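All residue numbers for the sequence shown refer to UniProt numbering, where the first residue is 1 and numbers rise by one. We put the CB at the ideal spot given by N, CA and C, even for glycine. Since the model is a prediction, treat every value here as computed from it, not as a measurement. To start, the structure itself, in structure tokens.
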Amino acid sequence: MYLANNSLTGPIPPEYGNMKSLQEISLWNNNLESKIPPEFGNLLNLTYLNLHECNLYGGLPQELGNCRNMDSMSLYGNSLTGIIPDSWKNMNKLRILWLHRNQLTKYFPEWLPSLPSLYNVSLDYNLLYGPVANFPNASLKIISFTCNYFSGTAPTAPPPLVLNFTGNCFDPIDNNNKIRCQQQYYDCSAYLKELPNGSCPRCPGLQSLEDPKTCVCTLISPVSETSSSKGKLVGSILGVGAFLLIMVLLWFLYKWYMKSTKPFEDLWYGPEGVIRYHVEDIVTATDNFHSRHEIGAGGFGKVYYAVLDGKEVAIKRANSSSIQSTSGFRNEVVLLSRLHHVNLVRLLGFCEGEGIQILVYEYMSNGNLFTMLFKRKTSLSWLTRLDIAIGVAHGLEYLHTFADPPVIHRDVKPSNVLLDNNLVAKLSDFGISKVAPGFDSEMPTRPCGTAGYIDPQYVLTEQLTSASDVYSFGVVLLELVTGHKSIDNARIDGQNLVEWVS
């Protein structure tokens, strides 16, 4: 069932729970204003549940623990409350669990890291608290629970597990017992004092506590018809008056603006989860873009290493030929902010000003795959090469299948595969110019990319499809297996690696 991004309204029909053969449910980005039906627990064949950004409320149904074939569950960006049910530990095939940006509370589930197939977990931006134990050796590759209220000693995890827990109350806490999260400060002690003996935090606006045991909240019941009618009448009168007042104010504001010699500053704070950096902070962190900070360059511009807010970052500054219109750059920031996958380089923030457009990414300490393969004396093991190949494949699958809108990379090559400190592969250099409108159809476009990796069919037909990325990925696989570059003038049997292998 694929009904995502359709402006649907109203509650999710519980009758969906009678469709026993249903394997996938995708309703994301609708205005459902609904609880998650517990009847979904009857769908024993369900493998994929995507309800992110649907304006959902209420708790996480414990009945979902019956869905033992569940592979991926994405419920982020709602107003879900309460605990993560213990019955979910029965989902032994679960690989991806995204619950970030809700208002879930209580303790970290001790059983969660032990799920045998679990690969990627995100619990960021919730109201979880209490201690978190160290993570054992498991199938987990990444777990993130930034911006909660966990306390005690910070947990540790064996590599290659990536553990993100900034913005919590772990010891020691600086800044007078306050933590910083998304450029805001939160008081750990004040919040934890509100939770004596494990009580519930405050419910979100327009919600009231439904179950004190699980801390599940629900929408406040609507008022009676009589009072509602009176309220509508009063509201209408106030609304008309407010409208007239606003129109008068706007007229005066317009007149003042036309007379002013100094226009308003067009200040845009960007999408949620992405930081708008001040130009002065970027200039200071890079010593005014000094060459000693430079770590790379590409078609977009130069890339600089810096430390912002105590975190290592990569700063990509657009050169003069890459400067877009203001709306174009902001659209790109919005798109990039919506791409979240362990095998994609994550956008942290941006900066814009007169003649300046900057993207701030997470820093990849091991550079790119091209350097690792062809410019270093140490050789990658076969197991590491396999992990890198699988990581790139997962990143492309996400861009082609799960991104909204889908994205065609168009320049898959080793120098665009970055490696973090655990050699986890992450695709870089993708953006709004590569969005695929009507992704199911072919898209005419002027061929672009890098020689040696371009799909020959793409060059002949100028029709761009996801298959072009798959071809380029195949060339990268050949480089991983053979240790040869895609094009090498020193090669006797031909410069093209594909022809040389065949």
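In the DSSP assignment, find the unbroken alpha helix (DSSP H) run with residue i in it and report its ends.
i: D469; result: S466 to T482
i: Q457; result: P456 to T461
i: S362; result: Residue identity check: residue 362 is Glu in the sequence provided, not Ser. First-last for E362: I356 to E362, but that is the beta strand (DSSP E), not the alpha helix (DSSP H).
i: G349; result: Per DSSP, G349 belongs to no alpha helix (DSSP H); it is in the beta strand (DSSP E), L347 to G353.
i: W382; result: W382 to E397
i: M372; result: L369 to F374
Go ahead and label residue i buried or exposed: buried means 16 or more other beta carbons lie within 10 angstroms of its beta carbon, across all protein chains shown.
i: E499; result: exposed
i: T261; result: Residue placement at T261 is flagged as unreliable, the pLDDT there being 36, under the threshold of 50; the coordinate-derived value follows with that caveat. The residue is exposed, with fewer than 16 neighbouring Cβ atoms inside 10 Å.
i: N343; result: buried
i: L245; result: exposed
i: I390; result: exposed
i: S126; result: Note on residue identity: the sequence assigns Asn, not Ser, to residue 126. Buried.
i: D382; result: The identity of residue 382 in the sequence shown is Trp, whereas the question assumes Asp. W382 comes out exposed.
i: A133; result: exposed
i: N31; result: exposed
Would you mind working out which of the options sits nearest residue i, comparing C-alpha positions?
i: residue 505; options: I487, G301 and Y149; result: There is simply no residue 505 to check, as the chain begins at 1 and stops at 502 in what is shown.
i: L396; options: T461, N29, M372 and V476; result: V476
i: L99; options: N92, R68, C147 and K93; result: C147
i: A157; options: N126, P113 and L123; result: P113
i: L386; options: W88, Y57, E479 and S365; result: E479
i: S34; options: S117, T378 and N78; result: N78
i: T214; options: R338, T81 and N18; result: T81
i: S365; options: P13, F374 and Y304; result: Y304
i: L419; options: N368, P405, L249 and L380; result: N368
i: E462; options: R410, P414 and L497; result: R410
i: M372; options: N331, E332, G355 and P414; result: P414
i: C67; options: S466, I83, I25 and V459; result: I25
i: S7; options: E53, N288 and F108; result: E53
By how many angstroms is the C-alpha of residue j removed from the C-alpha of residue i?
i: C169; j: G130; result: 9 Å
i: L206; j: L219; result: 6 Å
i: G10; j: V470; result: 40 Å
i: L60; j: I36; result: 7 Å
i: P13; j: Q103; result: 24 Å
i: D71; j: H278; result: 41 Å
i: L380; j: H484; result: 14 Å
i: L43; j: D124; result: 28 Å
i: E63; j: A297; result: 51 Å
Can you name the start and end residues of the beta strand (DSSP E) that residue i belongs to?
i: S139; result: Note, S139: premise wrong, no beta strand (DSSP E); not H, not E.
i: L49; result: Y48 to N50
i: E312; result: K311 to A318
i: N120; result: N120 to S122
i: I408; result: It is not in any beta strand (DSSP E) - I408 carries neither H nor E in the DSSP assignment.
i: S337; result: Careful: S337 lies outside any beta strand (DSSP E), inside the alpha helix (DSSP H) at T326 to S337.
i: residue 537; result: There is simply no residue 537 to check, as the chain begins at 1 and stops at 502 in what is shown.
i: W500; result: Not the beta strand (DSSP E): W500 falls in the alpha helix (DSSP H), residues L497 to V501.
i: G152; result: Y149 to G152
i: V307; result: G301 to L308
i: T218; result: V216 to L219
What does a CB cutoff of less than 7 Å around residue i pick up in its chain, not counting 5 residues either side in sequence?
i: P212; result: C200
i: Y119; result: R95, I96, S139, L140 and K141
i: W268; result: R330
i: A403; result: L339
Counting only the same chain and skipping the five closest in sequence on each side, list residues whose C-beta sits under 6 Å from that of residue i.
i: V334; result: P271
i: P116; result: N92
i: S144; result: S122, D124 and N164
Note down, in chain order, each residue of its chain lying with its Cβ closer than 8 Å to the Cβ of residue i, except the 5 sequence neighbours on either side.
i: P159; result: N422
i: T153; result: P131, F170 and D171
i: V392; result: N343, V412, V417, A425, L427, F473 and V476
i: S322; result: G299, F300, G301 and Q357
i: N45; result: K20, S21, L22, Q23 and N69
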